[in-house]
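Let me begin by presenting the structure, written as structure tokens, before commenting on it.
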Amino acid sequence: MAPPSNDYLLAIHEAGHATAALALGYLSKGLSLGQDRGTSLDSLSRTRYDPTEAKYWVLLKHEVLILLAGEFAMRLLNESLGDDFGDDFDAYGSQMDRSKIGYLIEEIYAAEGGSALVIENSFERDVIALLKDRMPHVQLLARELQLKRQLSGNEIELLLANMKKERTSAA
Ligand SMILES: [Zn+2]
21 MAPPSNDYLL AIHEAGHATA ALALGYLSKG LSLGQDRGTS LDSLSRTRYD
71 PTEAKYWVLL KHEVLILLAG EFAMRLLNES LGDDFGDDFD AYGSQMDRSK
121 IGYLIEEIYA AEGGSALVIE NSFERDVIAL LKDRMPHVQL LARELQLKRQ
171 LSGNEIELLL ANMKKERTSA A
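Everything in the sequence shown is counted per my numbering, starting at 21 for the first residue and increasing by one.
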């Protein structure tokens, strides 16, 4: 079986971000796909809160999950294909996402203690749980993004209208 095209993988990465955001209750502000990079904008607004507020930490943790979802959408796709198209998960923006995640995890670690590695592992488990049953939605979104190169928040919401949302305190 031929490995998926780079363009499709890039679309899967961006669709992973948007699907995780919507599953957690945040409206997407849109997705776009260029030649070798894409963008995903969500409506998370942690900076409106102060670290003394619980809401700040809920938003920060959701931000980590949404950032991880690009890379993990590609990993889960790879797994579902039972096909190893390489371990090049650093590409498609994942490396940039990981460096942002690093800062956020440091912030959690500084506030809560524990081990940065344990924190990171627990986020990885959570993002897999979040995306696993939603891969058909990720793939639907990725195919549509590949065709149109750009999707508005409304279009994303319509495409994922029948996707189950998590019960979270976010809104
Ligand atoms: Zn990304």
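Note that beta-carbon positions come from the ideal geometry of N, C-alpha and C, so glycine has one too.
- Excluding its 5 nearest sequence neighbours in each direction, ALA38 has C-beta neighbours in its own chain below 7 Å: SER48, LEU51, SER60, LEU161, ILE176, listed in chain order.
- With 16 or more other CB atoms across the displayed protein chains lying within 10 angstroms of its CB, ASN98 is buried.
- Contact residues of ligand 1 (beta-carbon closer than 5 Å to any heavy atom; chain order) are GLY90, GLY113, ASP117.
- Our two residues, TYR28 and TYR69, have alpha carbons roughly 36 Å apart in a direct line.
- Here the segment 124–136 does not lie against the segment 180–187, with fewer than 3 beta-carbon pairs under 8 Å apart.
- In this chain, GLY133 is not harboured by any beta strand (DSSP E), its DSSP state being neither H nor E.
- Shown here, LEU180 sits in coil according to DSSP, grouped into three states, outside any helix or strand.
- Boundaries of the beta strand (DSSP E) harbouring GLY50: 48–53, taken from the DSSP string.
- In the structure shown, SER25 adopts coil according to DSSP, grouped into three states.
- Within 10 angstroms of the beta-carbon of ALA31 lie 16 or more other beta-carbons, which makes it buried.
- Measuring C-alpha to C-alpha distances from GLY58 to each of LYS75, ARG187, LYS168 identifies LYS168 as the nearest.
- Note on GLY36: 16 or more other CB atoms within 10 angstroms of its CB, so buried under the neighbour-count rule.
- The count of Cβ pairs closer than 8 Å, one atom from the segment 66–84 and one from the segment 110–119, stays below three, leaving the stretches out of contact.
- Cβ atoms of HIS33 and GLY90 come within 8 Å of each other, at about 4 Å.
- Here the alpha carbon of GLY133 sits roughly 15 Å from the alpha carbon of LYS81.
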